[in-house]
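Before any comments, here is the structure.
Put into structure tokens, the structure is as follows:
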């Protein structure tokens, strides 16, 4: 009867709420910033009213709570799958949310990473964001998955936690429990059944690496003293505890989105001034490069008009938001200027998703009007790279966002693991665009920064410098390895390496960072 249906619907909706609460709790816990963002995205999916309605109507049609949840997720799943690209890679995330909700509904333990009580290497078909985000680096020594791509959530979160990860490693699930394996996150190698001699050789190599890193300090420079600023990427004041410890020379990318997420109204001028002042003061006079709001239909904000876009990656995002709603950018620039004034900080501001000279000039004018001395743009769109000489004529610096520049150059979604070979920072076409930017910067006497996954690859650092990069910005924990790598090469050697890389016929996956290489099981 109706009462039974009502109770069943309540049970199903309570299960959804339980999952939401659990994931929100994890996001607020001692997790890395990247992990927290990903967990919050999961919460947004499970809190979706469309999902709740679908569950309720499935119960009305006669299903029990668990089947209703399964049914509701199924239609969501089809939508994601048919959308292809980024959303298709999120199907695994949906399945994980569904399994958690069904478990909550049946009163079973939610799925998760086992805890054998001793440090171990985790092998999985794929890892849900919620699981990866709550990994304890003290317990999980390395992660190997059969699925996923270099920019999938598993890889990004593992990297931000400092856990070596090898993704897309076919056959990994056939390794028996209790087997001794060595995992090299740098080369992407997983070696099974190693003997003591191999283990001690690996340990010795790792100890040497740690010793070298520990002794590497000071500012970034090549072997012959050519300076290269090594900067940190941050998302909030909390991340600043980290950069100083690794000897960052400042902040090369302050992502300001966090201020805007999870709220129904735009943050006020006063609130923004207070947050920025706090971050600027903690940075103690070092360079601070702030990226203005980078949101779009893929990271929608409730207080901005976001029409449903068939292709958010090519839609209204980054600086393009100002076409619709210039007020949000104007308030942000005012707040940054006021905070810079109050703290005396060395603040540079840059806009994401700039495509034309006119957009670059317009952004610079807005910065000047707000009282900001250093205005730059991010080079993430091939059109901007092709016009870089003229763009540097109207702004003060550029920063190359290699992740997006790569995906727009190769027309390859960086969340799609099957296209990982195209989104390889070693691809010569991408390096050619970087070379154009480097040459333009040198000609104009203006700084050329690089941020994005590529900047954190110690093997690629000398090449980027050889192409003309004057600074590299990365997660703080990647700085010591890049500093050490640059110190081993003269500027002339960097330039030679760059020429070799430009002349290559394709990307060299084997040299890519953190287990994004050709994964081999030996």
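In this note's numbering, the protein residues as written are 104 to 625.
Where a beta carbon is used, it is the ideal one built from N, C-alpha and C, also for glycine.
What are the boundary residues of the beta strand (DSSP E) that includes residue 332? In the chain shown, the residue the question calls residue 332 occupies position 229. Note, residue 332: beta strand (DSSP E), 332-337.
So if DSSP puts residue 608 in a beta bridge, which residue, or which two residues, is it bridged to? Taking the first residue of the chain shown as position 1, residue 608 is located at position 505. Bridge partners of residue 608: none, in fact.
Let's see if you can read the secondary structure: which residues bound the beta strand (DSSP E) around residue 292? Mapped onto the chain shown, residue 292 falls at position 189. Element bounds for residue 292: 292-295.
For residue 223, which residues does DSSP report across the bridge? By one-based count along the chain shown, residue 223 stands at place 120. Looking at the DSSP assignment, residue 223 forms a beta bridge with 243.
Going by Cα to Cα distance, which pick from 525, 466, 526, 568 is closest to residue 686? This structure leaves residue 686 out entirely; the chain is present only between 104 and 625.
Residue 480 classed as buried or exposed, judged by whether at least 16 other C-beta atoms fall within 10 angstroms: Taking the first residue of the chain shown as 1, we reach residue 480 at position 377. Buried.
From the DSSP output, in three-state form, read off residue 552 for me. Position 449 of the chain shown, counted from the first residue, corresponds to residue 552. In this structure, residue 552 counts as strand in the three-state DSSP scheme.
Whole-angstrom Cβ separation of residue 141 and residue 236, contact assumed at under 8 Å? Sequence index remark: in the chain shown, residue 141 carries index 38 (1-based). Sequence index remark: in the chain shown, residue 236 carries index 133 (1-based). Sure, about 6 Å apart at Cβ, within 8 Å.
Identity of the residue in 324, 293, 447 nearest residue 226 by Cα: By one-based count along the chain shown, residue 226 stands at place 123. Looking at the Cα atoms, 293 is the closest of the given residues.
Determine the burial state of residue 388: buried for a count of at least 16 other Cβ atoms within 10 Å of its Cβ, exposed for fewer. For the purposes of this step, residue 388 is taken as residue 285 along the chain shown, with counting starting at 1. Exposed, since its Cβ has fewer than 16 Cβ neighbours within 10 Å.
When you compare only the Cα positions, how much space is there between residue 368 and residue 405? The sequence position of residue 368 within the chain shown is 265, counting from 1. The sequence position of residue 405 within the chain shown is 302, counting from 1. About 7 Å.
Please classify residue 119 as buried or exposed, where buried requires at least 16 other C-beta atoms within 10 Å of its C-beta. The residue labelled residue 119 in the question sits at position 16 within the chain shown. It is buried - the Cβ of residue 119 has at least 16 other Cβ atoms within 10 Å.
Residues sharing a beta bridge with residue 482, DSSP: For the purposes of this step, residue 482 is taken as the residue at position 379 of the chain shown. In DSSP, residue 482 forms a bridge with 503.
Outcome for residue 386 when other beta-carbon atoms lying within 10 angstroms are tallied against a minimum of 16: Within the chain shown, the letter at position 283 stands for residue 386. When all chains shown are included, residue 386 counts as buried.
Nearest by alpha-carbon distance to residue 196: which of 331, 144, 398 is it? In the chain shown, the residue the question calls residue 196 occupies position 93. Closest option to residue 196, Cα to Cα, is 144.
Check each candidate in 109, 135, 320 and name the one with the smallest Cα separation from residue 587. Here residue 587 refers to the residue found at position 484 when the chain shown is read from its first residue. Ranking 109, 135, 320 by Cα distance to residue 587 puts 320 first.
In whole angstroms, what separates the C-alpha of residue 313 from that of residue 444? If you number the chain shown from 1, residue 313 lands on position 210. If you number the chain shown from 1, residue 444 lands on position 341. When rounded, the distance between both Cα atoms is 40 Å.
Neighbour-count burial assignment, residue 123, 16 or more Cβ in a 10 Å radius: Mapped onto the chain shown, residue 123 falls at position 20. With 16 or more other Cβ atoms within 10 Å, it is buried.
Buried/exposed call for residue 282, threshold 16 Cβ in 10 Å: In the chain shown, residue 282 corresponds to position 179, counting from 1. Residue 282 is exposed by the Cβ-count criterion.
Taking the alpha-carbon of residue 243 as reference, which of 286, 500, 546, 213 has the nearest alpha-carbon? As a first step, residue 243 must be located in the chain shown, where it is residue number 140. Nearest option by C-alpha distance: 286.
CB of residue 175 within 7 Å of CB of residue 152, strictly: Locating residue 175 in the chain shown gives position 72, counting from the first residue. Locating residue 152 in the chain shown gives position 49, counting from the first residue. Not a contact, by the Cβ cut-off of 7 Å.
Beta-carbon proximity of residue 537 to residue 589, cut-off 7 Å: Here residue 537 corresponds to residue number 434 of the chain shown, with the count starting at 1. Here residue 589 corresponds to residue number 486 of the chain shown, with the count starting at 1. It is not a contact, given that the beta carbons lie outside the stated cut-off.
Taking the CB atoms as reference points, tell me whether residue 358 and residue 390 lie closer together than 7 Å. Numbered from its first residue, the chain shown carries residue 358 at position 255. Numbered from its first residue, the chain shown carries residue 390 at position 287. No, the pair does not count as a contact, with Cβ atoms beyond the cut-off.
Could you give the DSSP three-state label for residue 407: helix, strand or coil? Sequence index remark: in the chain shown, residue 407 carries index 304 (1-based). Note: residue 407 maps to coil in three-state DSSP.
Could you give the distance in angstroms between the alpha-carbon of residue 551 and the alpha-carbon of residue 256? The residue labelled residue 551 in the question sits at position 448 within the chain shown. The residue labelled residue 256 in the question sits at position 153 within the chain shown. Those two C-alpha atoms are separated by around 28 Å.
Could you have a look at residue 392 and say whether DSSP puts it in helix, strand or coil? Your numbering for residue 392 matches position 289 in the chain shown. Note: residue 392 maps to strand in three-state DSSP.
On the DSSP letters alone, give me the boundaries of the beta strand (DSSP E) that residue 284 sits inside. For this step, residue 284 is matched to residue 181 along the chain shown. That run of the beta strand (DSSP E) goes 284-287.
Buried or exposed for residue 336, going by 16 or more other Cβ atoms inside 10 Å? Here residue 336 refers to the residue found at position 233 when the chain shown is read from its first residue. Answer is buried; the Cβ neighbour count reaches 16.
Smallest Cα separation from residue 342: which of 547, 428, 214, 134? Position 239 of the chain shown, counting from 1, holds the residue named residue 342. It is 134.
If residue 268 sits next to residue 288, beta carbons under 8 Å apart, how far is it from one beta carbon to the other, in whole angstroms? Numbered from 1 along the chain shown, position 165 holds the residue referred to as residue 268. Numbered from 1 along the chain shown, position 185 holds the residue referred to as residue 288. Confirmed, about 6 Å.
So which of 500, 332, 436, 338 has the shortest CA-CA distance to residue 547? Within the chain shown, residue 547 is the residue found at index 444, counting from 1. The shortest Cα separation from residue 547 among 500, 332, 436, 338 belongs to 500.
Restricting to runs no shorter than 4 residues, where is the alpha helix (DSSP H) found entirely within the region 537-584? 564-569
Among 245, 217, 125, 436, which one has its Cα closest to the Cα of residue 392? As a first step, residue 392 must be located in the chain shown, where it is residue number 289. Checking every option, the nearest Cα to that of residue 392 belongs to 436.
Could you give the first and the last residue of the continuous beta strand (DSSP E) run that contains residue 147? The residue labelled residue 147 in the question sits at position 44 within the chain shown. Where residue 147 is concerned, there is no enclosing beta strand (DSSP E), although the alpha helix (DSSP H) it sits in stretches over 136-149.
So that I know if they touch, is there some Cβ in chain C lying closer than 7 Å to that of residue 318? The structure shown contains no chain C, having only a single protein chain.
My assumption, with CB atoms under 8 Å, is that residue 434 sits in contact with residue 372. Please give the rounded CB distance. In the chain shown, the residue the question calls residue 434 occupies position 331. In the chain shown, the residue the question calls residue 372 occupies position 269. At roughly 5 Å, the Cβ-Cβ gap stays under 8 Å, so residue 434 and residue 372 are in contact.
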